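Right, one structure below, let's go through it.
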Amino acid sequence: MKRAIFGWDKGILVFLVLTTIVGSFVTPYFANASNFSFVIQDIGEFMLMAIPMTFLIIAGEIDLSIGSTICLSSAALGYSYRQGIPFWLCLVIALVVGLLCGLINGILVTYFGLQSLAVTIGTLALYRGLCFVLLGNQPVNQMPLSYTDLGSNSIPHTFLPYVTILIFIFGAMGWIALHYSRLGRWTFAVGINVEAAKFSGIPVMRLKLALFAMTGLMAGVAGIVYTFRFASASPDGATGYELSVIASVLFGGVSIAGGVGTMWGVLAAVLELGVIRSVLQLINVSANTLLVVSGGLLLLSVAVPRAIEISRSRRKLVSIEKKG
Amino acid sequence: MKIILSRLVAVREVPVFLALLLVLIVTGIANPQFVSASGAQDIFLGVAVIATLCVGQTFVITMRHIDLSVGSTAGFTAYMIGKVSGDHHGLGISLLVALAIGLLVGAVNGFLVAYLRLPSLVVTLASLWIVRGIFNQVAGGNTITDNQVPSALGYLGRHSFAYIPYIFIIAFALVLFASFIMHSSRPARDLYAMGSNPPASELAGIPVIKRTFFAFLASGAVSGLGGAILLARFHSADSNSGLGLELNVIAACVVGGVAVAGGVGTPYGALIGALLLQSITQALGALGVSQFWQLAVNGVLLISAISLDRYLTLRIKPTRILRVKS
Chain A
1 MKRAIFGWDK
11 GILVFLVLTT
21 IVGSFVTPYF
31 ANASNFSFVI
41 QDIGEFMLMA
51 IPMTFLIIAG
61 EIDLSIGSTI
71 CLSSAALGYS
81 YRQGIPFWLC
91 LVIALVVGLL
101 CGLINGILVT
111 YFGLQSLAVT
121 IGTLALYRGL
131 CFVLLGNQPV
141 NQMPLSYTDL
151 GSNSIPHTFL
161 PYVTILIFIF
171 GAMGWIALHY
181 SRLGRWTFAV
191 GINVEAAKFS
201 GIPVMRLKLA
211 LFAMTGLMAG
221 VAGIVYTFRF
231 ASASPDGATG
241 YELSVIASVL
251 FGGVSIAGGV
261 GTMWGVLAAV
271 LELGVIRSVL
281 QLINVSANTL
291 LVVSGGLLLL
301 SVAVPRAIEI
311 SRSRRKLVSI
321 EKKG
Chain B
325 MKIILSRLVA
335 VREVPVFLAL
345 LLVLIVTGIA
355 NPQFVSASGA
365 QDIFLGVAVI
375 ATLCVGQTFV
385 ITMRHIDLSV
395 GSTAGFTAYM
405 IGKVSGDHHG
415 LGISLLVALA
425 IGLLVGAVNG
435 FLVAYLRLPS
445 LVVTLASLWI
455 VRGIFNQVAG
465 GNTITDNQVP
475 SALGYLGRHS
485 FAYIPYIFII
495 AFALVLFASF
505 IMHSSRPARD
515 LYAMGSNPPA
525 SELAGIPVIK
535 RTFFAFLASG
545 AVSGLGGAIL
555 LARFHSADSN
565 SGLGLELNVI
575 AACVVGGVAV
585 AGGVGTPYGA
595 LIGALLLQSI
605 TQALGALGVS
615 QFWQLAVNGV
625 LLISAISLDR
635 YLTLRIKPTR
645 ILRVKS
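Chains A and B supply the protein sequences, listed in that same order. Quick note: the first sequence, position 240, residue 240 per the working numbering, numbers continuous. Quick note: the second sequence, position 323, residue 647 per the working numbering, numbers continuous.
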């Protein structure tokens, strides 16, 4: 089982290379610096959110409230800036709001013992509602240009948008934390068997709380990136991001049942989805087809490993029968 | 007396119902206009679509699965009913088309979840997008307008019997029917067993695969019907119809005592949950609270409902064991 899904990770990488090659052949507008920067900018928030979401899903939990959390931290940023608070402090407020949102989710899941799926549907509504409470119907459009330029410009002398820096830093941190640290080993252990993890002395509650807090904090970062990119904070921003992020994590070979997955598989999957979207857009495929393609890919990501597994177990059966 | 009381509270629907009464009474005292025929009508109208979809969702959640595709399916069928009937086919044909679409989506979901054993969250998330994508492709920028809506559906959506809108009566009848089935029919009882302990239910000889498939099929069919009610309710449909409805439906189920952990809950509980969420929305308006608070209050309500539910199950379980022992 593990092997089959491991294979899917590599498959994503092959898929990514193939899409890139095919993309550069079918349209001349694909393989150039400005389009590449466009792709990265487009998937920036998804990349950032996919990192903590990978931890959560591997640990057997889920967070559906991230879209609302991104929006709430963005709304808090806009609201406090509108109140005349210095901008750097607004950024801190946005991060704190994100962290708080994550902590609330985590406390409800761990110390109240509630199901994360149900809790985060509740906080999805709650945080989104608070966005409307904060901003009403008026988006905040007056943002200091010196900051919001970071969201639209590229790093000097390169074609890479500034968000690339964040993706590299957090991606590397996530990778190391998941695969080469105690936190990561614990995460896998909890996802595979929570009871066994408890008995072997892993502080399951604190670990899960930390993972939810991490997700919230990252949603705060993504909220800032989102605000810079659109140079505004509106109460209906980032709607539906949760499903896209979860889909890319699963597409990257993480099992929804927990315990299985790799960070690079997920990051490659987010990039792959961005590249496919870009290629399809450039050859004038409609947004509707994009939806169907995303759904189809998501299905494939669970169906293919499953099919491999079934065929393997059949082969095993056959060989056993032959022996017997 | 105490035993009766604790038994009453143990019925998961009772606290929700009490909360509903409390909301209605408090709001009624604060703003007498709230307790009026038109106020009730608003609540019933608002709840009809959600209550219908809750029926299918209850089947699915009870066996510890989830169906996220109901919003897309209901929106799509609402549009298709209008489209088919606008092309001068009768109501019967357009309803058949709706039912066929619902059944098809349900069958695909059911096949993937039951026979291939894929996780339902992933499968139905994928079908949410695929159905929405096909829907948008078919609908484009078109809108189904009032004159394309089958006249019978339009009538049901506009008129009431003794201040109760017909579409709510339909939804209510469906909820009653489903509650009866879930209470007394064996295949539906199996769903509870499957949700409380999947491996045990398989060992006990329940045809888990078949039941899972048919529960998803039922959810799909109900979504098709939900589309008809959606169209009757709004007298129009476009490519945004039913967007995000799935989360409202799941919220109503969860508030009404259908736990996402599976194994418990009833369709009428989900209906009470839907009524509670809708009345609070309406009550906030009647109390003069800014509309911007409504979503946040719904979120708080949802979280308190599941917290309360957890608290009650933790408290009640030990007493039950004691009673068995004595």
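Quick reminder that beta carbons are idealized off the backbone N, C-alpha and C, glycines included. Just so we're clear, the structure is a prediction, and the values are computed from it rather than from any experiment.
Asked                                                                                                                   : Found
Cβ-based contacts, 9 Å cut-off: residues of the segment 607-623 of chain B near chain A                                 : Ser-614, Gln-615, Phe-616, Trp-617, Gln-618, Leu-619, Ala-620, Val-621, Asn-622, Gly-623
Test: Ala-196(A) CB closer than 9 Å to a CB of chain B                                                                  : no
Residue interval of the alpha helix (DSSP H) (run including Gly-151(A))                                                 : 145-152
Straight-line gap, Ser-475(B) to Ala-247(A) (C-alpha atoms, nearest Å)                                                  : 41 Å
Below-9 Å beta-carbon distance, Leu-600(B) vs any chain A residue                                                       : no
Rounded separation between Ala-539(B) and Gly-434(B) - CA only                                                          : 8 Å
Neighbour flag for Gln-461(B) against chain A, beta carbons, 9 Å                                                        : yes
At least three beta-carbon pairs within less than 8 Å, the segment 525-541 of chain B to the segment 369-378 of chain B : no
Close Cβ partners of Leu-632(B) (< 7 Å) along its chain, the five nearest in sequence each way excluded                 : Pro-339
Other residues of its chain near Val-408(B): CB distance less than 7 Å, five sequence neighbours each side excluded     : Ile-417, Ser-418, Val-421
Residues bridged to Phe-485(B) [DSSP beta-bridge criterion]                                                             : Ile-488(B)
Per DSSP, cross-strand counterpart(s) of Pro-591(B)                                                                     : DSSP lists no partner for Pro-591(B).
Residue from Ile-458(B), Val-446(B), Leu-415(B) with nearest C-alpha to Ser-396(B)                                      : Ile-458(B)
Chain B residues whose Cβ lies nearer than 8 Å to that of Thr-123(A)                                                    : Gly-623, Ile-627
Bridge partner(s) assigned by DSSP for Val-221(A)                                                                       : Paired residue(s): none; Val-221(A) is not in a bridge.
Cβ neighbour criterion (16 or more within 10 Å) applied to Pro-86(A)                                                    : exposed
Status (buried if at least 16 other CB within 10 Å, exposed otherwise) for Met-173(A)                                   : exposed
DSSP state of Val-275(A) mapped onto helix, strand, coil                                                                : helix
Same chain only: Cβ atoms within 7 Å of Ile-533(B), ignoring 5 sequence neighbours per side                             : Ala-438, Tyr-439
Closest by C-alpha distance to Ser-244(A), when choosing among Ala-497(B), Leu-611(B), Leu-449(B)                       : Leu-449(B)
DSSP beta-bridge partners of Val-140(A)                                                                                 : Ala-233(A)
Residues near His-413(B) in its chain [Cβ-Cβ closer than 7 Å; skip 5 each side]                                         : none
Inter-residue spacing [alpha-carbon to alpha-carbon] between Ser-313(A) and Pro-305(A)                                  : 12 Å
Same chain only: Cβ atoms within 6 Å of Gly-44(A), ignoring 5 sequence neighbours per side                              : Val-163, Val-225
Pro-591(B), buried or exposed, once every other Cβ within 10 Å from all chains shown has been counted against 16        : buried
Short-range partners of chain B found in the segment 128-142 of chain A, where Cβ spacing is below 9 Å                  : Arg-128, Gly-129, Leu-130, Cys-131, Phe-132, Val-133, Leu-134, Leu-135, Gly-136, Asn-137
CA-to-CA distance, Phe-55(A) to Met-214(A), given in whole angstroms                                                    : 9 Å
Residue-chain proximity (Ala-233(A), chain B), Cβ-Cβ < 9 Å                                                              : no
Interface residues of the segment 266-295 of chain A facing chain B [CB-CB below 9 Å]                                   : Ser-286, Ala-287, Asn-288, Thr-289, Leu-290, Leu-291, Val-292, Val-293, Ser-294, Gly-295
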